[in-house]
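Before any comments, here is the structure.
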Amino acid sequence: MARSARAQEEIRRFLDIGAVQVAELDLDGDEAVLRPGPGSPPVTHGEVFVLVRQGGWPVGTLLGRVPEGADAKTVLAARARAECAPGPAQARGPGAAGEPPYTSVVIATRERAGQLARALDSLLAQDHPRFEVVVVDNAPVTSETRELVERKYAERVRYVCEPVPGLAVAHNTGLAAVRGEVVAFTDDDVVADPRWLSELTAPFAADPGLGCSTGLILPARLTTPAQVLLESHGGFAKGFTPRTYDPARPPGDEPLFPFTAGRFGSGANMAFRTAALRSVGGFDPATGAGTAARGGDDLYGFVRVLAEGHRLRYTPYALVWHHHRETWRDLETQAYGYGAGLTAYLTAVLVNRPALLPAFLARLPRGLVHARALTAVRETEGGGAPGDHDVRTHPWPRRLSRLQRRGMVYGPVGYLRARRALRARVEGAR
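Position one of the sequence shown corresponds to residue 41 (our numbering), numbered consecutively onward.
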């Protein structure tokens, strides 16, 4: 097929992707409670992406179809009981029972007061016994964010302004300001489950050697083709099996450990022992959105903390609902940024921790194979639910794969440009 014809076919397929409803289904014995996802209308007929809970705890997702005139709860509960019964690996693991430590939540934002208010409302409804919230206003153009915090949240939220653009810079400013034993980070485009912060931070009380924890990210809405396509290829989800990554016992099924940091989690749902993150200098300010590096700040943090001997815990019980980007252009930007952020963070790790270079070079041949697979054109493989990583409902466009590869080539250059820009800014301020 000629390139132009192939591109037109990809566009046609993309535009044909229909909206999917988002819902939660909580099973407790013979009882079932069906709720719409955060901000979604009540469930009706058609396709539904369902988070299945058992007694309140997330255990899986499914993609169900409710026939017109059928009772949505009855149809979806029958599917869930058949497909999402929790197995031994899904039992709540170590760390869930501990009293969570005093925690600071940092949320960096820039000119998105409406989304920020929604996120803050969910954060202030957390069941965690002791926490603070710090908003970092990154390179603001207007006073809208400051006015929102002062008007609506002044009693419970601290406002900090960081004039230098860049997500890692903003996170480091938050890290310097926090008072908690643990510092959690999330984004302004999420809605946090009420148990999110307790579940994300309780493992630190159970494991003194834990340096980082990450949690589950699910889509808040699947209303546009871009949102459905992204989630049908895994989105940000890392599954429903808790797992601990220990540098003293590298996982046998992760031959590139710890350099495949994208498997550990994402920046919209992560927490660190504050002292551990501060001891490695926080995040590299030349990484992250808002810099020439385009991303990778969260992955950098994961690897630096693991490289110091701390463990990392992934728990699916710490849930946030993420508002995915909505347009094809957003997906193009995201694909390029993911590629750039991946190689930018690897460059940053090696620049700041040269002792890791031998381990990196030993893994490089396998890493190149992994990178090729990561950016391959991914066709459909039968049915399946958005969020499943090995079963896809829509093909991944070649255009996005090419952009991700171009980003990977650009990433080291972008990182070095970002470093130079930061250095020039510091020298100009003297």
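Here a beta-carbon is modelled for each residue, glycine too, at the ideal position from N, C-alpha and C.
Just so we're clear, the structure is a prediction, and the values are computed from it rather than from any experiment.
{"Asked": "Length-filtered (3 minimum) beta strand (DSSP E) runs lying within the segment 338-411", "Found": "351-362"}
{"Asked": "Cβ-Cβ separation, valine 173 to leucine 163 (assumed contact under 8 Å), whole Å", "Found": "5 Å"}
{"Asked": "Residues of its chain near aspartate 286, where Cβ-Cβ distance is below 6 Å and the 5 sequence neighbours each way are ignored", "Found": "Arg351"}
{"Asked": "C-alpha distance - cysteine 124 paired with leucine 65, whole-angstrom precision", "Found": "11 Å"}
{"Asked": "The segment 399-407 touching the segment 311-327, judged by at least three CB pairs closer than 8 Å", "Found": "no"}
{"Asked": "Short Cβ contact (8 Å threshold) for phenylalanine 225 with arginine 313", "Found": "no"}
{"Asked": "For proline 282 and proline 437, the rounded distance between their alpha carbons", "Found": "31 Å"}
{"Asked": "Among Ala458, Ala464 and Ala311, the one whose alpha carbon lies nearest that of glycine 206", "Found": "Ala458"}
{"Asked": "Whole-number beta carbon distance between aspartate 233 and leucine 359, since they are thought to touch under 8 Å", "Found": "4 Å"}
{"Asked": "Meets three-Cβ-pair contact criterion under 8 Å: the segment 53-70 and the segment 256-266", "Found": "yes"}
{"Asked": "Any 3 or more C-beta pairs closer than 8 Å across the segment 266-273 and the segment 339-353", "Found": "no"}
{"Asked": "Cβ separation of leucine 396 and valine 389, assumed to be a contact under 8 Å, to the nearest whole Å", "Found": "6 Å"}
{"Asked": "Inter-residue Cα distance where the pair is tryptophan 361 and glycine 307", "Found": "13 Å"}
{"Asked": "Close-in-space but distant-in-sequence residues of the same chain around proline 521 (CB under 8 Å, 5 per side omitted)", "Found": "Residue 521 lies beyond the range of the chain shown here (41 to 470); nothing can be said about it."}
{"Asked": "N- and C-terminal bounds of the alpha helix (DSSP H) containing glycine 154", "Found": "153-163"}
{"Asked": "Helix, strand or coil at tyrosine 285 [DSSP, three-state]", "Found": "strand"}
{"Asked": "Local Cβ density within 10 Å of proline 353, reported as buried at 16 or more and exposed below that", "Found": "Contrary to the premise, residue 353 reads as arginine rather than proline in this sequence. Buried."}
{"Asked": "Bridge partners - glycine 255, DSSP secondary structure assignment", "Found": "Thr355"}
{"Asked": "6 Å Cβ shell around glutamate 139 - same chain, five flanking residues per side excluded", "Found": "Ala245"}
{"Asked": "Candidates Ala311, Pro78, Tyr385 and Tyr378, of which the one nearest glutamine 155 by Cα", "Found": "Pro78"}
{"Asked": "Buried or exposed by the 16-neighbour rule on C-beta atoms within 10 Å, applied to glycine 379", "Found": "buried"}
{"Asked": "Classification of glutamine 48 by the beta-carbon crowding that lies within 10 angstroms, buried from 16 upward", "Found": "exposed"}
{"Asked": "Sequence-distant residues of the same chain with beta carbon closer than 6 Å to cysteine 201, five excluded per side", "Found": "Asp177"}
{"Asked": "CA nearest to the CA of glycine 69, picked from Glu108, Phe171 and Gln94", "Found": "Gln94"}
{"Asked": "Among Leu91, Leu371, Val320 and Glu87, the one whose alpha carbon lies nearest that of glutamate 108", "Found": "Glu87"}
{"Asked": "CB contact flag (glutamate 366, leucine 440, <8 Å)", "Found": "no"}
{"Asked": "Residue from Arg150, Gly305 and Ser253 whose Cα sits closest to the Cα of leucine 317", "Found": "Ser253"}
{"Asked": "DSSP bridge partner residues for methionine 310 (one or two, in chain order)", "Found": "Phe225 and Thr254"}
{"Asked": "For glycine 328, three-class secondary structure by DSSP", "Found": "coil"}
{"Asked": "Length of the line joining the Cα atoms of aspartate 430 and glycine 274", "Found": "Note that aspartate 430 has pLDDT 39, beneath the 50 cutoff, so the model's placement of it is unreliable and the number below is only indicative. One C-alpha to the other measures close to 8 Å."}
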